[in-house]
Amino acid sequence: MKKIVFLILIAFIGININAQQHEVKVDVFDMIAFKSLETTYMYILNEESGVGISVFMRLAEKKNIFDYNEKFSFTPFYRQYFPLGAVENVFAEAFFSINSGEGLNDEDENVKYTDGAFGFAIGKSYITPRGFVAEAFVGAGRNLFDTPGAPNLVPRIGVNLGFRF
177 MKKIVFLILI AFIGININAQ QHEVKVDVFD MIAFKSLETT YMYILNEESG VGISVFMRLA
237 EKKNIFDYNE KFSFTPFYRQ YFPLGAVENV FAEAFFSINS GEGLNDEDEN VKYTDGAFGF
297 AIGKSYITPR GFVAEAFVGA GRNLFDTPGA PNLVPRIGVN LGFRF
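The sequence shown: position 135 = 311 (the numbering used here), numbered continuously.
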């Protein structure tokens, strides 16, 4: 009996080691296009869903209208994957972004703001057998607290590269 329990325990440990339940990614689109850094950690709950956290930091000053208003954001999310026949790893994501930056108030004065946005995104990810991950997604959220200087909409756009382990 002890041998059977020991073999079952070893089998579960082996399965758990090979489960690859963690992803760490960097948004290369933001890095190249906007001189900003966004890193993401995601924990895979099962083959259809995961939860994660993204942290965004704008590294350069805003110079034109296309740059992000946010200087910093912290974004927890829940992701649901949908098997669509030949197209695998398509996902929808719900997120809540705590974002801060500088914007214009009603008197056209620069003010610092912090707000929270609830939103959705859709995307597709590719995962190699060795754990390399590439994904692209697009979405938006609406800031909820009507803070002076905060934008109404918060974008969630990215092309991420990373690893699943």
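Cβ atoms here follow ideal geometry from the backbone N, Cα and C, with glycine treated the same way. The structure displayed is predicted, hence computed values, not measured ones.
query = With DSSP run on the structure shown, which of helix, strand or coil describes D284?
reply = Mapped onto the sequence shown, residue 284 falls at position 108. Correct three-state label for D284: coil.
task = Tell me where the beta strand (DSSP E) around D203 begins and ends.
result = Along the sequence shown, one-based indexing puts residue 203 at 27. Unbroken beta strand (DSSP E) run through D203: H198 to D203.
inquiry  = Using only CA atoms, which one of K247, F248 and V335 lies nearest to V314?
reply    = The residue labelled residue 314 in the question sits at position 138 within the sequence shown. Looking at the Cα atoms, V335 is the closest of the given residues.
task = Let me know if L223 comes out buried or exposed under the rule of 16 or more other beta-carbons within 10 Å of its beta-carbon.
result = Within the sequence shown, the letter at position 47 stands for residue 223. The question names Leu, but residue 223 in the sequence shown is Glu. E223 is exposed by the Cβ-count criterion.
query = What three-state label does DSSP hand A236 in the structure shown?
reply = On the sequence shown, residue 236 is found 60 positions in, with the first residue counted as 1. In the structure shown, A236 adopts coil according to DSSP, grouped into three states.
message = Which residue marks the beginning of the beta strand (DSSP E) containing K247, and which one marks its end?
response = For the purposes of this step, residue 247 is taken as the residue at position 71 of the sequence shown. Counting along the chain, the unbroken beta strand (DSSP E) around K247 starts and ends at E246 to L260.
key: Three-state secondary structure assigned by DSSP to F294   = The residue you call residue 294 lines up with position 118 of the sequence shown. Correct three-state label for F294: strand.
ask   = Are there 16 or more other CB atoms within 10 angstroms of the CB of A344, so buried, or fewer, so exposed?
value = Beyond the ends of the chain as shown, which are 177 and 341, falls residue 344; an answer cannot be given.
request  = Can you tell me which of the three DSSP states A316 falls into?
outcome  = Sequence index remark: in the sequence shown, residue 316 carries index 140 (1-based). In this structure, A316 counts as strand in the three-state DSSP scheme.
ask   = Using a Cβ-Cβ cut-off of 7 Å (strictly less than) and excluding sequence neighbours within five positions of S212, which residues of its own chain qualify?
value = Locating residue 212 in the sequence shown gives position 36, counting from the first residue. So the list reads D206, F232, M233, R234, L235 and Y244, once near-sequence residues are dropped.
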